[in-house]
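At position 90 of the sequence shown the residue is numbered 100 (the working numbering), and the sequence of numbers has no breaks. Here the structure is laid out as structure tokens; the discussion comes afterwards.
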Amino acid sequence: MKLLFEGDHGQALCEPCQQLVATTYVRRDVPFSDGHGEAKDILVGVCQVCDTVVAIPAQSTPAIKESRKLPQTSIEARLPAIYLDALDAAMHSVTAEAGVHIRKLFFSYYFHELAGHVATAAANLQRVHEAFSQALAEQLSARQLPPSPSMKRLSMKVNPHVAEDFTRLLQATRMSQTELLKSVISQIQADVLEARNPSVIDALQRLTRVAL
Numbered sequence: 011m012k013l014l015f016e017g018d019h020g021q022a023l024c025e026p027c028q029q030l031v032a033t034t035y036v037r038r039d040v041p042f043s044d045g046h047g048e049a050k051d052i053l054v055g056v057c058q059v060c061d062t063v064v065a066i067p068a069q070s071t072p073a074i075k076e077s078r079k080l081p082q083t084s085i086e087a088r089l090p091a092i093y094l095d096a097l098d099a100a101m102h103s104v105t106a107e108a109g110v111h112i113r114k115l116f117f118s119y120y121f122h123e124l125a126g127h128v129a130t131a132a133a134n135l136q137r138v139h140e141a142f143s144q145a146l147a148e149q150l151s152a153r154q155l156p157p158s159p160s161m162k163r164l165s166m167k168v169n170p171h172v173a174e175d176f177t178r179l180l181q182a183t184r185m186s187q188t189e190l191l192k193s194v195i196s197q198i199q200a201d202v203l204e205a206r207n208p209s210v211i212d213a214l215q216r217l218t219r220v221a222l
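What follows is the structure in structure tokens.
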């Protein structure tokens with residue numbers, strides 16, 4: 011792909027001029043067509059006749075998308091602290107540099123993977139969650155410890171694509187938001203801590219390297 015520079019010239023159709031015009035590439039603040047906000051300091055082609063923006067090169071597209079910023083959906087729940095401990099332990103086993111901000115990445119990956127097999131997600135998640143819950147109870151019993159009342163708040167904002175996957179899972183599993191999150195954490199610990207699934211761990215490692 012050819013990179014364009016400030017001062018480069020080209021040609022484009024100009025709507026106000028109703029003709030093919032010569033263009034010059036400059037950096038401008040460009041308002042969005044819906045009137046809400048603008049993309050600042052992006053490279054665009056402007057008409058040499060009327061000075062209207064008539065061309066946007068591919069290299070400017072990511073900056074425009076970032077300026078638009080898709081609306082974020084909030085996912086929140088209060089979970090038993092041990093569930094978030096299990097999630098954080100799985101994250102740490104994938105990368106020692108993982109912080110709590112990586113939680114959203116793990117959830118996003120699993121929401122997408124599970125939503126892709128939504129027909130079997132409900133039964134599998136319920137089975138895995140029951141197994142994890144039973145394992146926790148057995149460990150407490152073996153150590154003669156009472157169940158902990160400690161709870162922690164999970165809060166994350168996700169983009170519309172992740173929110174759509176999450177909604178599909180909620181509908182398919184008919185679980186509450188809290189139960190679904192607990193079930194997904196159970197699946198994560200089963201794949202990462204118990205089975206040490208190499209394909210899952212490799213995918214998560216590649217994602218975390220980009221996110222860190």
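Note that beta-carbon positions come from the ideal geometry of N, C-alpha and C, so glycine has one too. A quick note: this is a predicted structure, and the numbers were derived from the prediction, not measured.
query	result
Which value, in whole angstroms, describes the spacing of the CA atoms of Arg-153 and Phe-117?	31 angstroms
Helix, strand or coil: which one does DSSP assign to Leu-214?	helix
Gln-215 to Ala-106, Cα distance in whole Å?	11 angstroms
Would you mind stating whether Thr-83 and Gly-55 have Cβ atoms separated by less than 8 angstroms?	no
On the criterion of 16 or more Cβ atoms from any shown chain inside 10 Å, does Arg-163 qualify as buried, or is it exposed?	exposed
Rounded to whole angstroms, how far is the Cβ of Ala-49 from the Cβ of Met-11, which I believe are closer than 8 angstroms?	Not quite, the Cβ-Cβ distance comes to about 20 angstroms (not below 8 angstroms), so this is no contact.
Taking just the CA atoms, how far does Val-40 sit from Gln-29?	22 angstroms
Using beta-carbon positions only, say whether Leu-179 and Leu-124 come within less than 8 angstroms of one another.	yes
Pick from Gly-47, Ala-87, Ala-65 and Val-64: whose alpha carbon is nearest that of Leu-190?	Ala-87
Hey, Leu-150 and Pro-157: beta-carbon distance below 8 angstroms or not?	yes
If you drop the 5 nearest sequence neighbours on each side, which residues of the same chain put their C-beta closer than 8 angstroms to that of Tyr-119?	Ala-213, Leu-214 and Leu-217
To the nearest angstrom, report how far apart Leu-222 and Ile-112 are at their CA atoms.	8 angstroms
For a minimum of 3 consecutive residues, which ranges assigned as the beta strand (DSSP E) are wholly contained in the stretch 47 to 107?	48 to 57, 63 to 65 and 83 to 90
Can you give the Cα-Cα distance for Pro-170 and His-102, rounded to whole angstroms?	27 angstroms
Rounding to the nearest angstrom, what Cα-Cα distance links Gln-139 and Lys-75 in this structure?	What sits at residue 139 in the sequence shown is His, not Gln. Near 38 angstroms, if we compare the C-alpha coordinates of Lys-75 and His-139.
With a threshold of 8 angstroms on Cβ separation, who are the neighbours of Leu-23 within its own chain once the five nearest residues in sequence on each side are excluded?	Gln-29, Leu-30, Val-31 and Val-64
Under 8 angstroms between the Cβ atoms of Cys-142 and Ala-91?	The sequence given here places Phe at residue 142; Cys does not occur at that position. Their beta carbons are not under 8 angstroms apart, which means Phe-142 does not touch Ala-91 by this criterion.
Cα separation between Phe-121 and Phe-176?	6 angstroms
In chain order, what residues of the same chain have a beta carbon less than 8 angstroms from the beta carbon of Arg-184, not counting five sequence neighbours either side?	Ala-132
Is Leu-191 close to chain C? Criterion is C-beta to C-beta, closer than 8 angstroms.	Given the protein chain composition of this structure (a single chain), no chain C is represented.
How would you call Gln-144, buried or exposed, if buried means at least 16 neighbouring beta carbons within 10 angstroms?	exposed
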